[in-house]
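Reviewing the structure listed below.
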Amino acid sequence: MSRAEVITQAEAVRAPSPLWTFGLFRNELITTFRRWRTLALLGVLAAVPVLIGIAIKIETGDGSGGGPGGGGEGPAFISQITNNGLFLVFTALAATLPFFLPMAIGVIAGDAIAGEGSAGTLRYLLVAPAGRTRLLLTKYATTMTFCLVATLVVAASALATGALLFPLGELTTISGTRISFAEGLGRALLIALVVAASLIGVAALGLFISTLTSSGIAAMATTVGLLITIQILDQIPQLHALQPYFFSHYWLSFADLMRDPVYWDDLVRNLGLQALYAAVFGSAAWARFTTKDITA
């Protein structure tokens, strides 16, 4: 056999087929969602809407209005929950988006590469042959799948809790117009998708941090620490000129989907900002990972 034929056969063995790539993605999903850490995160996210619903039910058990003191204070939509349980979906997403959801994403993304390094399996994955770019894209796709699943878990838990504790029916939008329950469900699903898309910047940031270290715990802690820091900076009035560039600044713009007509300006800004963060930190993760010395 000639040298050229040997090289051709070696390249054929090393080149993963699309079916092999799908298998790698499927294995990553199975591995991620079988971990007790992942199940615990999803369990906490599912519990938040239940706790909110029970608290509101107890608070309004004497016939007072939604929100503390019966005055309708509290997060957006909370005063409407007693009239329509579907508003618990919007309230739960508003309550979990600033901290619980991004924290869960930060844990999964931060552990994506660094966790393999600390477990000593990263080098074997690259020999598989996954290839660095293919493996990085698979890890990011898995993290994004978790974003979607986590958001839908919150929404589904809130919908079930709202249906059990409160009446369901037509909705009154923020603009004061009435829409049918079916249209309200459609908007709830759209809001959940927007919330999931709002986390792609966090996923890319966590993935980049994960390529900088071989310690999964360090990567997770750094990612969550940065999330908390950005959230704090976004509340400081003196930084108002920088705040529109923070990935969390437009997170709650999904409330505009409950207006009639829908206000798209902040929604578009949010999705554009997330795409920018994903492009910047995704490119940085690729540049770092493809040149990194793999020793574990």
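So the sequence shown is numbered by this note's numbering: it starts at 83 and just counts up by one. The C-beta atom is built at its ideal place from N, Cα and C for all residues, glycine as well. Source: prediction; values computed, not measured.
> Going by the CB atoms, is the gap between T305 and A191 shorter than 8 Å?
Replying inline: If you number the sequence shown from 1, residue 191 lands on position 109. If you number the sequence shown from 1, residue 305 lands on position 223. Yes, these two residues count as a Cβ contact at 8 Å.
> Any idea if G135 is buried or exposed, counting beta-carbon neighbours within 10 angstroms, 16 or more meaning buried?
Replying inline: Position 53 of the sequence shown, counted from the first residue, corresponds to residue 135. Counting Cβ neighbours within 10 Å, G135 comes out buried, since at least 16 surround it.
>> Counting C-beta neighbours from all protein chains within 10 Å, is the total for V235 16 or more, i.e. buried, or is it exposed?
In response: In the sequence shown, counting from the first residue as 1, residue 235 sits at position 153. Under this definition V235 is a buried residue.
> Which residues mark the beginning and the end of the alpha helix (DSSP H) in which D347 is found?
Replying inline: Here residue 347 is taken as the residue at index 265 of the sequence shown, counted from 1. That run of the alpha helix (DSSP H) goes D347 to T373.
>> Counting beta carbon pairs with one atom in the region 331-351 and one in the region 192-201, are three or more of them shorter than 8 Å?
In response: no
> In chain order, what residues of the same chain have a beta carbon less than 6 Å from the beta carbon of A86, not counting five sequence neighbours either side?
Replying inline: One-based indexing of the sequence shown puts residue 86 at position 4. Because the pLDDT at A86 is just 39, under 50, the model does not fix this residue reliably, and the value given afterwards should be weighed accordingly. Counting only Cβ-Cβ distances below 6 Å, and skipping sequence neighbours, we find nothing.
> Between L230 and A278, what straight-line distance do the alpha-carbon atoms span, to the nearest angstrom?
Replying inline: Counting from one through the sequence shown, the residue named residue 230 turns up at place 148. Counting from one through the sequence shown, the residue named residue 278 turns up at place 196. Their backbone Cα atoms lie some 5 Å apart in a straight line.
> Between N166 and T372, what straight-line distance do the alpha-carbon atoms span, to the nearest angstrom?
Replying inline: By 1-based counting over the sequence shown, the position of residue 166 is 84. By 1-based counting over the sequence shown, the position of residue 372 is 290. If you take the alpha carbons of N166 and T372, they lie about 51 Å apart.
> How close, in whole Å, do the beta carbons of I312 and S292 come, if the pair is a contact with beta carbons under 8 Å?
Replying inline: Position 230 of the sequence shown, counted from the start, is the residue given in the question as residue 312. Position 210 of the sequence shown, counted from the start, is the residue given in the question as residue 292. Not quite, the Cβ-Cβ distance comes to about 18 Å (not below 8 Å), so this is no contact.
> Under a Cβ-count criterion, where at least 16 other Cβ atoms within 10 Å of its own Cβ denotes burial, should Q356 be classed as buried or exposed?
Replying inline: Taking the sequence shown and counting its residues from 1, the one referred to as residue 356 is at position 274. By the beta-carbon neighbour count (other beta carbons within 10 angstroms, threshold 16), Q356 is buried.
> If you drop the 5 nearest sequence neighbours on each side, which residues of the same chain put their C-beta closer than 7 Å to that of D316?
Replying inline: By 1-based counting over the sequence shown, the position of residue 316 is 234. Same-chain partners within the cutoff: Q325, F328, S330 and H331.
> Taking the alpha carbon of W333 as the point to measure from, which residue in F363, A369, S280 and L219 has its own alpha carbon closest?
Replying inline: The sequence position of residue 333 within the sequence shown is 251, counting from 1. Selected option, being the one with the closest Cα: S280.
>> In this structure, how does DSSP classify R260 when only helix, strand and coil are distinguished?
In response: Working through the sequence shown from its first residue, we reach residue 260 at position 178. Residue state, collapsed to three classes: strand.
> Roughly how many angstroms separate the alpha carbons of V189 and G288, rounded to a whole number?
Replying inline: Residue 189 sits at position 107 when you count from the first residue of the sequence shown. Residue 288 sits at position 206 when you count from the first residue of the sequence shown. Cα-Cα distance, rounded: 8 Å.
> Looking only at C-alpha atoms, which of L204, L168 and P131 sits nearest to P249?
Replying inline: For the purposes of this step, residue 249 is taken as the residue at position 167 of the sequence shown. Of the candidates L204, L168 and P131, the one whose C-alpha sits nearest the C-alpha of P249 is L168.
> Terminal residues of the continuous alpha helix (DSSP H) containing V306?
Replying inline: Your numbering for residue 306 matches position 224 in the sequence shown. Per DSSP, the continuous alpha helix (DSSP H) segment holding V306 begins and ends at G298 to L315.
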